[in-house]
Structures are given as C-alpha cells and as structure tokens.
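Chemist: If you read the sequence shown in this note's numbering, its first letter stands for residue 14, the second for the next number, and so on.
Let me give you the structure first, and then I'll get to my questions.
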Amino acid sequence: MSSDQSPIDQSSAHQKQTLLRYLQEGRDALLQKLDGLGEYDLRRPLVPTGTNLLGLVKHVSGTEAGYLGAVFGRPFPEPMPWMEEESEPNSDMWATAEESREQVVEQYRRVWAHSDATVAALDLDAPGVVPWWTNRDVTLHRILVHLTAETHRHAGHADIVRELIDGRVGLRTPGDNLPPVPAEWWPEHVARLEAVARAAEQ
C-alpha cells in the first residue's frame, strides 16, 4: 500500500454504516415511487396477483419490523395484525380504504427508527432467531444483508408498478437513469424488442 493510500476501515461501526446506507437507499427508492399519486393509484392492482404500491410499502414495513425487532428480542411496539399468522392471506400486501398513505408511510418511518436503534445497540455478530426460517439462528449482519436484498427487490417491483400507472421511471428523479434519447425513440425500441422476441420464437 502506497503512503498516500488510507487503510480500509474494517471496523464494525463502519460496516454497520455501509449496510445501513444500502438499506436506506432501498427504503427511499420504495417511497419515492409514491410521489404525486392519489389514493386510488397507490392502491390499484396492476398485475394478476394484486401487487400495488402502497401494499408494497405496508409489506416491507411489517417485514422490517419483524426482522430488526422481534428476531432480536426488541419487538416493534405498535401492533401489526396483518403480519400475524392468523391474518387473512396476503393482508400485508394491500392497504384498506381506512388506511391513508400518510398512516402507512409514517409507520414505515417509525419502523426505520426502531430498526436503526436495534442496529446501533447490537454487534453485527449478535444472535437472533427467525422462527419462520428452517435455519432459525441468525446474526444481525446476516439479517441486515437479507433485509437490504428484500427491500431492494420490492423497490424494483415498485419501479414496474409505477411505470404501469403513469409511465414514470427513474432512480431518484424522473428519467435520471435512462439514456438521453427523444421520447419517440422508446416506442420504436419496444417494437424492435417485440420483433426480436417473435423471431426468437420461430
């Protein structure tokens, strides 16, 4: 290592910071897909299994509350009946008419705060138990990696659902991760892909 290079920080605190940064990016990406939509568009199902934007937030909120809460003996203090075993199937994947966007989002933010406090309080090798896993014994490090992957996966679902609603795409702002092409390029591109798919089928 040359004299002008700093050693890589391998401390537990730095690793936590890195893991939380990637988790937070997924959290933020998920919520950004709600921007500018009314209560109907937030709830309407866009695929045959009923996936919808507000339901994705509700699901990820409940999932995170469990993984960084009860799994480590630090249960989230608010009831989430839709996450209980006896709840209606898939009830964590949609919001009722009585549950506003603000309620779902603000509860998710409270889950963040509870989760971040768990991460701050425990070592990365702190043990936890996931009752619904076959291999129940876990560490905080493993759960952070798992939860980050799951959050980003559902943020990707939200990307597609939002595009189906109003065509809005982008990572942080509309269109920020797309090539700089004119609007008419996209229908031509889609037509080309359709032709390629049909040719491959022959």
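Think of the CB as a built atom: it goes at the ideal place given N, C-alpha and C, for glycine as much as any other residue.
For S113, which residues in the same chain have their Cβ closer than 8 Å to its Cβ, ignoring the five residues on either side in sequence?
Modeler: If you number the sequence shown from 1, residue 113 lands on position 100. So the qualifying residues of the chain are E52.
Chemist: Roughly how many angstroms separate the alpha carbons of A212 and A204, rounded to a whole number?
Modeler: Here residue 212 refers to the residue found at position 199 when the sequence shown is read from its first residue. Here residue 204 refers to the residue found at position 191 when the sequence shown is read from its first residue. Each residue's alpha carbon lies about 12 Å from the other.
Chemist: Between which two residues does the beta strand (DSSP E) containing G141 stretch?
Modeler: The residue labelled residue 141 in the question sits at position 128 within the sequence shown. Run containing G141: 140 to 142, per the beta strand (DSSP E) assignment.
Chemist: For A196 versus G39, is the C-beta distance shorter than 8 Å?
Modeler: Translated into the one-based positions of the sequence shown, residue 196 becomes position 183. Translated into the one-based positions of the sequence shown, residue 39 becomes position 26. Contact: no.
Chemist: Assess, as a yes-or-no matter, whether the region 105 to 125 is touched by the region 70 to 78 under the definition of 3 or more beta carbon pairs within less than 8 Å.
Modeler: The answer is yes - the region 105 to 125 touches the region 70 to 78, with three or more Cβ pairs under 8 Å.
Chemist: Can you check which of these residues, P200, G188, Y80, is closest to R155 by C-alpha distance?
Modeler: Working through the sequence shown from its first residue, we reach residue 155 at position 142. Ranking P200, G188, Y80 by Cα distance to R155 puts Y80 first.
Chemist: Are T147 and G82 closer than 8 Å when you measure CB to CB?
Modeler: For the purposes of this step, residue 147 is taken as residue 134 along the sequence shown, with counting starting at 1. For the purposes of this step, residue 82 is taken as residue 69 along the sequence shown, with counting starting at 1. Not a contact, by the Cβ cut-off of 8 Å.
Chemist: Check for me: the alpha helix (DSSP H) holding R152 runs from which residue to which?
Modeler: As a working note, residue 152 is residue 139 in the sequence shown. The question names Arg, but residue 152 is Thr in the sequence shown. Run containing T152: none in the alpha helix (DSSP H); it sits in the beta strand (DSSP E), 150 to 152.
Chemist: Buried or exposed: which applies to T31, given that a residue is buried once 16 or more other Cβ atoms fall within 10 Å of its Cβ?
Modeler: In the sequence shown, the residue the question calls residue 31 occupies position 18. The residue is exposed, with fewer than 16 neighbouring Cβ atoms inside 10 Å.
Chemist: If you count every other CB in all the chains shown that lies within 10 Å of the CB of T109, and 16 or more means buried, which is it?
Modeler: Translated into the one-based positions of the sequence shown, residue 109 becomes position 96. With fewer than 16 other Cβ atoms within 10 Å, it is exposed.
Chemist: Beta-carbon within less than 7 Å of D150's beta-carbon, same chain only, minus the 5 sequence neighbours each way: which residues are those?
Modeler: The count along the sequence shown starts at 1 and reaches residue 150 at position 137. Within the same chain, D150 has close Cβ partners P140, V142.
Chemist: Helix, strand or coil: which one does DSSP assign to G180?
Modeler: The residue you call residue 180 lines up with position 167 of the sequence shown. Coil.
Chemist: Quick one: grab the DSSP three-state call for D105.
Modeler: Stepping through the sequence shown from its first residue, residue 105 is reached at position 92. D105 falls in the helix class under three-state DSSP.
Chemist: Would you kindly report the start and end of the unbroken alpha helix (DSSP H) that includes E119?
Modeler: For this step, residue 119 is matched to residue 106 along the sequence shown. Residues 114 to 134.
Chemist: Assuming L177 and G183 are in contact, meaning their beta carbons sit under 8 Å apart, how far apart are those beta carbons, in whole angstroms?
Modeler: Residue numbering aside, residue 177 sits at position 164 when the sequence shown is read from its first letter. Residue numbering aside, residue 183 sits at position 170 when the sequence shown is read from its first letter. Rounded, the Cβ-Cβ distance is 15 Å, inconsistent with contact.
Chemist: Straight-line CA distance for E99 to R175?
Modeler: Within the sequence shown, residue 99 is the residue found at index 86, counting from 1. Within the sequence shown, residue 175 is the residue found at index 162, counting from 1. Roughly 31 Å between the two C-alpha positions.
Chemist: Does DSSP put Q215 in a helix, a strand or coil?
Modeler: For the purposes of this step, residue 215 is taken as the residue at position 202 of the sequence shown. If DSSP states are grouped into helix, strand and coil, Q215 belongs with coil.
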